[in-house]
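*Asks:*
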Amino acid sequence: MLFLAKSPSLTTSSDRYATCAAIRCLIAYAEGLEDCHIDVAAIEGAIVLSGVASNDEARQQAIAIASGYVRTRIVSNITLRADRDPFSHPQIDLSNSPAPSGQTAAPKTPKETS
Numbered sequence: 001m002l003f004l005a006k007s008p009s010l011t012t013s014s015d016r017y018a019t020c021a022a023i024r025c026l027i028a029y030a031e032g033l034e035d036c037h038i039d040v041a042a043i044e045g046a047i048v049l050s051g052v053a054s055n056d057e058a059r060q061q062a063i064a065i066a067s068g069y070v071r072t073r074i075v076s077n078i079t080l081r082a083d084r085d086p087f088s089h090p091q092i093d094l095s096n097s098p099a100p101s102g103q104t105a106a107p108k109t110p111k112e113t114s
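Numbered per the UniProt record's numbering, the sequence shown spans residues 1 to 114.
Below is the structure:
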């Protein structure tokens with residue numbers, strides 16, 4: 001478990017970067033948020049959370065983590081994932097497809113132009 005001191009403000013650019021990095025780490029290593037892809041940015045004095053959460057509970061947990069770390073406004077642009085696995089691709093069922101027939105053509109060599 002990471003224990004980080006709470007950040008009192010976002011007054012300098014190094015404060016903003018450090019605060020965003022700390023919140024990003026806390027969210028990344030939080031139990032229950034393994035399937036989430038959440039980014040953290042400091043914009044105009046607010047912490048903006050954006051990305052994708054697996055469900056509403058995960059989204060609320062990420063917001064609570066950020067709120068517990070900083071004393072500033074939290075803006076959530078976290079969307080809920082419709083599909084549980086965003087990296088999966090639709091599977092094509094080829095079991096009923098006819099087998100290819102005939103011979104395949106040899107690849108053509110490119111013609112030179114002068």
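For every residue, glycine included, the Cβ atom is placed at its ideal position computed from N, Cα and C.
Evaluate Thr19 with the Cβ neighbour count: other Cβ atoms within 10 Å of its Cβ, from every protein chain shown; 16 or more gives buried, anything less gives exposed.
*Replies:* Burial of Thr19 is indicated by the presence of at least 16 other C-beta atoms within 10 angstroms of its C-beta.
*Asks:* How would you write the range of the alpha helix (DSSP H) that Thr19 sits in, first residue to last?
*Replies:* 13–28
*Asks:* Hey, could you find the ends of the alpha helix (DSSP H) Ser76 is sitting in?
*Replies:* Annotation for Ser76: no alpha helix (DSSP H) segment contains it, though the beta strand (DSSP E) segment containing it runs 74–80.
*Asks:* Which residues does DSSP list as the beta-bridge partners of Ser50?
*Replies:* Asp39, Asn77
*Asks:* With distances taken from CA atoms, which of Arg16, Ile23, Leu33 is nearest Ser54?
*Replies:* Leu33
*Asks:* Identify, in the order they occur along the chain, each residue of the same chain with its Cβ nearer than 8 Å to the Cβ of His89, setting aside the five sequence neighbours on each side.
*Replies:* Only weak support exists for where His89 lies, its pLDDT of 43 falling under 50; the value from the coordinates is given anyway. Hits under 8 Å: none found.
*Asks:* Taking all protein chains shown into account, do 16 or more other C-beta atoms lie within 10 angstroms of the C-beta of Cys36, making it buried, or fewer, making it exposed?
*Replies:* Buried, because 16 or more other Cβ atoms sit within 10 Å of the Cβ of Cys36.
*Asks:* Going by C-alpha to C-alpha distance, which of Ala22, Ile65, Thr72 sits closest to Gly45?
*Replies:* Thr72
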